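K.L.:
My numbering puts the first residue of the first sequence at 3, with every later residue one more than the last. To start, I am sharing the structure in question, which I have written as structure tokens.
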Amino acid sequence: MKVLPSFDWYPCDAHSPKWWGGLESPEEVAITAVLVQQTRWENVRKAYENLRVARLNRFVAIKKSSLCSIKSCIKSVGMYASKSKRLKELADAVIKAGGWKTFINRDAREIRTELLRLNGIGYETADSILLFAGNHLIFPASRLIARVLERIGFNVPKGYEAFRRFVELGLPRDLFSYKLFYASSLVTTKVACHSSEPECQKCYLSNICRTFAYKQASNIL
DNA sequence: TTCCGGCGCC
DNA sequence: GGCGCTGGAA
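Written as structure tokens, this is what we have:
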């Protein structure tokens with residue numbers, strides 16, 4: 003009899019789904035979580051490839067390196083001046099905690115508080131790091147996901163923490179479900195449910211979507 | 001809620 | 001040149 007995969011699948015090795023752009027290194031996941039802020043993933047890919055070539059894809063290296071060498075690697079992501087500072091600050095915190103493994107293998111609330119204190123790391127980035135780089139059971143409640151749910155007719159609570167609890171209450175409490183819902187929702191936004199001019203004809207949700215129904219109704223008028 | 005931030009792409 | 005993007009801070 004076949005053994006089913008565990009719902010607590012470890013996220014960062016070659017045998018797990020490509021939740022986070024196919025990256026297998028937890029440190030690269032954390033680094034790209036900062037880089038992807040307000041940026042398309044295609045531009046992040048170029049940046050982390052440059053970081054790999056420069057051997058700046060680990061926090062020990064980032065801490066030791068100069069600000070401008072990081073900047074030159076991550077130009078493609080935009081806002082590289084502030085993001086390179088954010089990476090340095092994150093690297094400082096990681097090294098200060100005793101390295102990546104001791105940093106990330108702690109109580110999630112403790113890590114979260116520390117991340118949120120850093121300049122340039124807000125709720126979404128912190129929770130992305132916790133779930134995808136750290137395997138902690140916290141849902142990164144992206145506004146993009148709220149937008150999808152709002153459009154199809156959910157009464158989504160306002161504010162990050164309220165929305166996060168809303169999603170967490172609706173999901174099974176396991177890593178696989180959190181990651182699957184996050185990843186698939188973002189694919190939905192990427193393929194069809196864009197912020198402006200969504201491509202509803204491509205969307206598997208269009209037949210239950212209030213926004214699409216409204217669009218159709220106004221086209222008829 | 002508004003401003004900031006820079007890129008890649010139309 | 002304008003616009004949108006897997007946000008953050010004031």
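All C-beta atoms in this analysis are idealised placements derived from N, C-alpha and C, irrespective of residue type, glycine included. Computed from a predicted model, the values in this text were never measured in an experiment.
1) What runs of the alpha helix (DSSP H), each 4 residues or longer, lie entirely inside the stretch 110 to 171?
2) Measuring only the C-alpha atoms, how far is SER18 from TYR180?
3) Pull up the distance between the alpha-carbon of LEU177 and that of HIS138, whole angstroms please.
4) Among the residues of its own chain, which have a CB less than 8 Å from the CB of ASN59, if the five just before and after it don't count?
5) Quick check on ARG54: does DSSP put it in helix, strand or coil?
6) At the level of alpha carbons, what is the spacing between ALA185 and VAL79?
7) State the CB to CB distance for the pair PHE141 and ALA93, rounded to an integer number of angstroms; the pair is presumed to be in contact (CB under 8 Å).
8) Just confirm the distance between the C-beta atoms of LYS204 and VAL193, as a whole number of angstroms; I'd bet it's less than 8 Å.
9) According to DSSP, is ASP94 helix, strand or coil?
10) For PHE134 versus TRP21, is the C-beta spacing smaller than 7 Å?
11) Return the residue from the list LEU207, ASP129, LEU69 that minimises the CA-CA distance to LEU155.
12) What are the boundary residues of the alpha helix (DSSP H) that includes GLU30?
13) Given a threshold of 16 other Cβ atoms within 10 Å of its Cβ, counted over all protein chains shown, does TYR125 qualify as buried or as exposed?
14) Quick one: Cα of GLN39 to Cα of TYR82, how far?
15) Take the Cβ of ARG212 as the centre, count every other Cβ of all protein chains shown within 10 Å, and call the residue buried at 16 or more, exposed below.
16) Would a C-beta distance cut-off of 7 Å place ILE97 and ALA35 closer than the cut-off?
17) Could you pull out every unbroken alpha helix (DSSP H) segment of at least 4 residues lying fully inside the stretch 58 to 91, listed in chain order?
18) For LEU117, collect the residues of the same chain with a Cβ closer than 7 Å to its Cβ; drop the 5 residues on either side in sequence, then sort them by chain order.
P.N.:
By the coordinates alone:
1) 110 to 119, 125 to 130, 145 to 154
2) One-based indexing of the first sequence puts residue 18 at position 16. One-based indexing of the first sequence puts residue 180 at position 178. About 14 Å.
3) Counting from one through the first sequence, the residue named residue 177 turns up at place 175. Counting from one through the first sequence, the residue named residue 138 turns up at place 136. Pairing LEU177 with HIS138, the inter-Cα distance amounts to about 8 Å.
4) The residue you call residue 59 lines up with position 57 of the first sequence. Within the same chain, ASN59 has close Cβ partners SER27, GLU29, GLU30, ILE33, TYR50, LEU53.
5) Taking the first residue of the first sequence as position 1, residue 54 is located at position 52. It is helical.
6) Position 183 of the first sequence, counted from the start, is the residue given in the question as residue 185. Position 77 of the first sequence, counted from the start, is the residue given in the question as residue 79. If I take the Cα positions, the gap works out to 20 Å.
7) Stepping through the first sequence from its first residue, residue 141 is reached at position 139. Stepping through the first sequence from its first residue, residue 93 is reached at position 91. Contact doesn't hold; Cβ gap of about 26 Å is too wide.
8) What you label residue 204 is simply residue 202 of the first sequence in a count that begins at 1. What you label residue 193 is simply residue 191 of the first sequence in a count that begins at 1. Indeed, because the Cβ distance is near 6 Å, the residues count as touching under 8 Å.
9) Locating residue 94 in the first sequence gives position 92, where the first residue counts as 1. Looking at ASP94 - three-state DSSP - the assignment turns out to be helix.
10) Mapped onto the first sequence, residue 134 falls at position 132. Mapped onto the first sequence, residue 21 falls at position 19. Yes, they are a contact pair.
11) Position 153 of the first sequence holds residue 155. The sequence given here has Gly at residue 155, not Leu. Measuring from the Cα of GLY155, the nearest candidate turns out to be LEU207.
12) Position 28 of the first sequence, counted from the start, is the residue given in the question as residue 30. That run of the alpha helix (DSSP H) goes 28 to 37.
13) Counting from one through the first sequence, the residue named residue 125 turns up at place 123. It counts as buried.
14) Taking the first sequence and counting its residues from 1, the one referred to as residue 39 is at position 37. Taking the first sequence and counting its residues from 1, the one referred to as residue 82 is at position 80. Across the structure, GLN39 and TYR82 are spaced so that their CA atoms are roughly 11 Å apart.
15) The residue you call residue 212 lines up with position 210 of the first sequence. With fewer than 16 other Cβ atoms within 10 Å, it is exposed.
16) The count along the first sequence starts at 1 and reaches residue 97 at position 95. The count along the first sequence starts at 1 and reaches residue 35 at position 33. Cβ distance not < 7 Å, so ILE97 and ALA35 don't count as in contact.
17) Taken in chain order, the unbroken stretches of alpha helix (DSSP H) that lie wholly in the stretch 58 to 91 and span 4 residues or more are 61 to 66, 69 to 75.
18) Taking the first sequence and counting its residues from 1, the one referred to as residue 117 is at position 115. A distance below 7 Å between beta-carbons, with the five flanking residues on each side excluded, links LEU117 to the following residues of its chain, in chain order: ILE123, ALA128, ILE131.
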